[in-house]
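Taken in sequence, the protein lines are chains A and B.
Going letter by letter, the first sequence gives residues 1 to 221 in my numbering.
Going letter by letter, the second sequence gives residues 222 to 442 in my numbering.
What follows is a set of notes on a single structure, which appears directly below.
Number of protein chains: 2
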Amino acid sequence: MAAHDRAGADVARTSRRGPTPGSDAVSVDVIKQEATRLFAERTYPAVGIRDIAEAVGLLPGSLYVHIRSKDELLFLIVRDGIQLFLDAIEPVAHVAAPAGVRLQNAMGAYLAVAAEHQQQTRVAFHQWTYLQGDQRAVVVELRQSYEKLFADIVAEGVDSGDFRRPRSRRLAVLTIVGALNAAGDWFDPSGSMSVDDVAADLADTALRGLCEGTAYAQADS
Amino acid sequence: MAAHDRAGADVARTSRRGPTPGSDAVSVDVIKQEATRLFAERTYPAVGIRDIAEAVGLLPGSLYVHIRSKDELLFLIVRDGIQLFLDAIEPVAHVAAPAGVRLQNAMGAYLAVAAEHQQQTRVAFHQWTYLQGDQRAVVVELRQSYEKLFADIVAEGVDSGDFRRPRSRRLAVLTIVGALNAAGDWFDPSGSMSVDDVAADLADTALRGLCEGTAYAQADS
DNA sequence: CCTACCGATCGGTAGG
DNA sequence: CCTACCGATCGGTAGG
Numbered sequence: 001m002a003a004h005d006r007a008g009a010d011v012a013r014t015s016r017r018g019p020t021p022g023s024d025a026v027s028v029d030v031i032k033q034e035a036t037r038l039f040a041e042r043t044y045p046a047v048g049i050r051d052i053a054e055a056v057g058l059l060p061g062s063l064y065v066h067i068r069s070k071d072e073l074l075f076l077i078v079r080d081g082i083q084l085f086l087d088a089i090e091p092v093a094h095v096a097a098p099a100g101v102r103l104q105n106a107m108g109a110y111l112a113v114a115a116e117h118q119q120q121t122r123v124a125f126h127q128w129t130y131l132q133g134d135q136r137a138v139v140v141e142l143r144q145s146y147e148k149l150f151a152d153i154v155a156e157g158v159d160s161g162d163f164r165r166p167r168s169r170r171l172a173v174l175t176i177v178g179a180l181n182a183a184g185d186w187f188d189p190s191g192s193m194s195v196d197d198v199a200a201d202l203a204d205t206a207l208r209g210l211c212e213g214t215a216y217a218q219a220d221s
Numbered sequence: 222m223a224a225h226d227r228a229g230a231d232v233a234r235t236s237r238r239g240p241t242p243g244s245d246a247v248s249v250d251v252i253k254q255e256a257t258r259l260f261a262e263r264t265y266p267a268v269g270i271r272d273i274a275e276a277v278g279l280l281p282g283s284l285y286v287h288i289r290s291k292d293e294l295l296f297l298i299v300r301d302g303i304q305l306f307l308d309a310i311e312p313v314a315h316v317a318a319p320a321g322v323r324l325q326n327a328m329g330a331y332l333a334v335a336a337e338h339q340q341q342t343r344v345a346f347h348q349w350t351y352l353q354g355d356q357r358a359v360v361v362e363l364r365q366s367y368e369k370l371f372a373d374i375v376a377e378g379v380d381s382g383d384f385r386r387p388r389s390r391r392l393a394v395l396t397i398v399g400a401l402n403a404a405g406d407w408f409d410p411s412g413s414m415s416v417d418d419v420a421a422d423l424a425d426t427a428l429r430g431l432c433e434g435t436a437y438a439q440a441d442s
């Protein structure tokens, strides 16, 4: 009876948090996934190594079988997160098409990734600031590549005459990227608007602005 | 000699961190000011009560003569920060003028505050998420008032025919507010562009968009 | 992957 | 406003 209870307890215990023999142990990917969720909900410094361990069903110390440190976990999430955007936007940014079309498609590609990886996007674009040293340097470089995709489209649009000449090209790029990043924050994939709807509306605002017809443009030219 | 040294040490000690008799003791405002700087640089959870104490020249425990808790400090910074924007934007948002003019002026008012209170702006718009309960509820309400200022301008612009009818008014507002908040983050008051320059460029993008002439508008209508 | 634990630091308080 | 300290929690490790 006592032996029977013990055996039952051991089975429950093993299936709850042990590396079940024959099935997969907790992997780095699962840890990254849970850490992404927790960082997105509460931010990196507010999430403890114990919160992550509990989420994946391990004891705190056991996490270090899979990861080197808490900050390496953040680094991987941020780096891979930005890379998702580079991989999605690069193809549509470089096709042979008018700058307006390419900008609209780049915005759509951004939103598609942001909608599919909402939590990782939040961590990647807001929480890279907690990284230091080499990790931070790598991320800063990736961020610059990301901004350059949009900067190139704007520059080519201005040079080809498709776009008006803004007072500051850099500022125009920061405005677009800022609006886009903000959209990634509030966009709700389960809401009434699809990714394409939102992308179309964002592109409208970026390309045409809010003014009806040429009312505002006339006042300036 | 020993007595002399002691007296000198006491004077230095008093002037360094004591409540110097006859002069002002460390005030809540100084603590708020230093906490604002530290929160903006490293974020709320990453800043310890000991960091704040050191910045104002007190020992950690002595802070609690002036403040109730660390989270109350954050609350005050965030609440007063958002209020700065409400106070600055409300007057220009409600004057009798075309929606385009009012939007441009509201953007200028936002940027003026963001430039003058850069650190508090960062804390107010990014770190209110660390607040909970009643404090968070108060802040959420203030944020809604802030967004409503822009929502009203857009709604009135659309109704009067000054603005084209966007696919989603709410989305247009979020886009504008998002671009504005982003500008508050990267705007450098010591840079080459003035507040007015940046406001004019932002308003251009919001009202006219990037496209030259009616090229993009024609394709749509 | 767990047990058992490390030193450091956290926000905050009692008593003067 | 300081002295002296509280219990709790932090990221991380040695040894099995």
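Backbone N, C-alpha and C fix where the C-beta goes; we use that ideal spot for every residue, glycine too.
Cα separation between V268 of chain B and L86 of chain A? 33 angstroms
Ordered along the chain, which non-local residues of its own chain (more than five positions away) have a Cβ less than 6 angstroms from that of G329 of chain B? A420
Taking Q104 of chain A and A203 of chain A to be in contact with their CB atoms under 8 angstroms, please state how far apart those CB atoms are, rounded to whole angstroms. 4 angstroms
Taking the alpha carbon of I89 of chain A as the reference point, which residue from A:L149, A:G178, A:S27 has its own alpha carbon closest? A:L149
Measure from the C-beta of L58 of chain A to each C-beta in chain B and report whether the shortest distance is under 9 angstroms. no
Rounding to the nearest angstrom, what Cα-Cα distance links V57 of chain A and C432 of chain B in this structure? First, the amino acid is wrong: residue 57 of chain A is Gly here, not Val. Spanning the two alpha carbons is a distance of roughly 53 angstroms.
Leaving aside the five residues before and after Y44 of chain A along the sequence, list all residues of the same chain whose C-beta is less than 7 angstroms from its C-beta, in chain order. L74, Q127, Y130
Residue burial classification, Q353 of chain B (beta-carbon count within 10 angstroms, cutoff 16): exposed
T396 of chain B vs D201 of chain A beta-carbon contact at 9 angstroms: yes
Between A398 of chain B and A333 of chain B, how many whole angstroms is the CB-CB distance? I'm expecting something under 8 angstroms. Going by the sequence as given, residue 398 of chain B is Val instead of Ala. That pair is no contact at about 16 angstroms.
To the nearest angstrom, report how far apart T257 of chain B and A320 of chain B are at their CA atoms. 35 angstroms
Exposed or buried, which one is Q144 of chain A when buried takes at least 16 other CB atoms within 10 Å? exposed
Along chain B, which residues have their Cβ under 8 angstroms away from the Cβ of D188 of chain A? What D188 of chain A touches in chain B: nothing, since even the nearest Cβ is about 11 angstroms away.
Amino acids of chain A, ordered along the chain, whose beta-carbon sits closer than 7 angstroms to that of S389 of chain B: M193, D201
Assign A403 of chain B to one of two classes, buried (16 or more other C-beta atoms within 10 Å of its C-beta) or exposed (fewer than that). buried
Checking the sheet assignment: what are the DSSP bridge partners for F75 of chain A? Per DSSP, none; premise fails for F75 of chain A.
Since A261 of chain B and V299 of chain B are thought to touch, with beta carbons under 8 angstroms apart, how far apart are those beta carbons, to the nearest angstrom? Between V299 of chain B and A261 of chain B the Cβ distance is about 12 angstroms, and since that is not below 8 angstroms, they are no contact.
Report the rounded CA-to-CA distance for G161 of chain A versus S190 of chain A, giving the unit in angstroms. 39 angstroms
Mark G182 of chain B as exposed unless 16 or more other C-beta atoms lie within 10 angstroms of its C-beta, in which case mark it buried. The structure shown has nothing for residue 182 of chain B, since chain B only spans 222 to 442.
For D71 of chain A, the nearest candidate out of A:D188, A:I52, A:F187, A:R102 (CA to CA): A:I52
CA-to-CA distance, S248 of chain B to A276 of chain B, given in whole angstroms: 13 angstroms
With distances taken Cα to Cα, identify the nearest neighbour of P91 of chain A among A:A106, A:V101, A:D80, A:Q83. A:A106
is_contact[I310 of chain B, chain A] using C-beta, thresh 9 angstroms: no
If you draw a straight line from the C-alpha of M414 of chain B to the C-alpha of F408 of chain B, how long is it? 9 angstroms
Give me the Cα-Cα distance between G239 of chain B and R42 of chain A, rounded to the nearest whole angstrom. Because the pLDDT of G239 of chain B is 40, which lies under 50, any placement of that residue in the model is unreliable, and the number read from its coordinates should be weighed accordingly. For G239 of chain B and R42 of chain A, the distance between alpha carbons rounds to 38 angstroms.
How would you write the range of the alpha helix (DSSP H) that Q353 of chain B sits in, first residue to last? Here Q353 of chain B belongs to no alpha helix (DSSP H), and DSSP marks it neither H nor E.
Which stretch, first to last residue, makes up the alpha helix (DSSP H) that contains G191 of chain A? Here G191 of chain A belongs to no alpha helix (DSSP H), and DSSP marks it neither H nor E.
Short check: CB of A155 of chain A to CB of R169 of chain A, under 9 angstroms? yes
Run down chain B in chain order and give the residues with a C-beta less than 7 angstroms from the C-beta of V198 of chain A. L392
Taking Cβ positions only, does D185 of chain A come closer than 9 angstroms to chain B? yes
Could you pull out every unbroken alpha helix (DSSP H) segment of at least 4 residues lying fully inside the region 244 to 313 of chain B, listed in chain order? 249 to 263, 270 to 277
My assumption, with CB atoms under 8 angstroms, is that I31 of chain A sits in contact with I82 of chain A. Please give the rounded CB distance. With 8 angstroms as the limit, I31 of chain A and I82 of chain A do not qualify as a contact, their Cβ atoms being about 20 angstroms apart.
Taking a Cβ distance cut-off of 9 angstroms, strictly less, list which residues of the region 273 to 302 of chain B are near chain A, in chain order. none
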